[in-house]
Amino acid sequence: MVRTSHIFPVLRYRNPRGAIEFLVKGFGFELTALHEGPDGEVMHAELRLGQNLVMLGGFDPEILASGRTASGGAGCNYVSVRFVDGHHDMAVAAGAKITRPLEDTDYGSRQYGCRDIEGYEWVFGTYDPLGVDGKVADA
Numbered sequence: 033m034v035r036t037s038h039i040f041p042v043l044r045y046r047n048p049r050g051a052i053e054f055l056v057k058g059f060g061f062e063l064t065a066l067h068e069g070p071d072g073e074v075m076h077a078e079l080r081l082g083q084n085l086v087m088l089g090g091f092d093p094e095i096l097a098s099g100r101t102a103s104g105g106a107g108c109n110y111v112s113v114r115f116v117d118g119h120h121d122m123a124v125a126a127g128a129k130i131t132r133p134l135e136d137t138d139y140g141s142r143q144y145g146c147r148d149i150e151g152y153e154w155v156f157g158t159y160d161p162l163g164v165d166g167k168v169a170d171a
């Protein structure tokens, strides 16, 4: 088994600059890389929250024309955070739409679900599948 592999979500937004602003203000991410095209459009951005990383950019015009957008998918992004209650409050203050209230799960996580400004589903919780005993390693 290869142990150095990682999975990083790559999200496409209609308004990538607005998404970056929301992810920073609402979810506490830090913008660590930004690559712009010749007209100043966001081609690629990387944002970190503790050991978590997400990449994003704008939609390719063909994807936009096809109607395949964020709300059309069935998946979500799970992010492990240490202080989920405070994180929840920060997300609400920034306008995140809560889809699942804060709850304590039977598998030991405290978590909540929400949608960002373009409809992507996010779940933030204390469970960390890579941490010791499922506890958050660094977030």
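Sequential numbering of the sequence shown, starting at 33, is according to the working numbering. Virtual Cβ for every residue (Gly too), placed ideally from N, Cα, C. No experiment lies behind these values; they were computed from the predicted model shown.
Considering just the uninterrupted stretch of the alpha helix (DSSP H) at residue i, what are its terminal residues?
i, result
"T116", "Sequence check: residue 116 is Val here, not Thr. Looking at the DSSP string, the run of the alpha helix (DSSP H) that includes V116 is 116 to 125."
"P48", "48 to 59"
So, with DSSP's three-state summary, where would you put residue i?
i, result
"A77", "strand"
"Y45", "strand"
"F91", "coil"
"L162", "coil"
"M33", "Bear in mind that a pLDDT of 47 at M33, under 50, signals an unreliable position, so the number given afterwards is only what the model happens to contain. Of the three classes helix, strand and coil, the one that applies to M33 here is coil, per DSSP."
"A169", "Since pLDDT at A169 reaches only 48, below the 50 mark, its modelled position is unreliable, and no value is offered."
What is the residue span of the beta strand (DSSP E) that residue i lies within?
i, result
"R142", "142 to 147"
"I130", "129 to 136"
"L66", "62 to 68"
"V155", "153 to 157"
"V111", "109 to 112"
Name the residue from the options whose alpha carbon lies nearest to the alpha carbon of residue i.
i, options, result
"V111", "V86, G127, L66", "V86"
"L88", "Y144, E135, E62", "E62"
"G163", "V113, Y144, A128", "V113"
"K57", "A128, V116, L66, I39", "A128"
"F115", "L81, F91, C108", "L81"
"C146", "G118, Q83, C108", "C108"
"F91", "P133, N47, P161", "N47"
"E68", "G60, E78, I130", "E78"
"D160", "A65, G60, Q83, P70", "Q83"
For residue i, is the beta carbon positioned less than 7 Å from some heavy atom of the ligand FAD?
i, result
"V74", "Inclusion of the ligand FAD in the displayed structure is not the case, the ligand content being empty and no account of it being possible."
Report task. Check whether the region 142 to 150 touches the region 43 to 55, counting contact only when three or more Cβ pairs, one atom from each stretch, lie closer than 8 Å. Result -> Short answer: they touch.
Query raised in the report: Counting Cβ pairs closer than 8 Å, one from the region 48 to 57 and one from the region 130 to 150, do we hit at least three?
Result: Yes, the region 48 to 57 touches the region 130 to 150.
Query raised in the report: Using 8 Å as the Cβ pair cut-off and three pairs as the minimum, do the region 120 to 139 and the region 154 to 162 touch?
Result: A contact exists between the region 120 to 139 and the region 154 to 162.
Requested in this report: Could you tell me whether the region 123 to 142 touches the region 74 to 88, using the rule of 3 or more Cβ pairs below 8 Å?
Outcome: Segments in contact, no.
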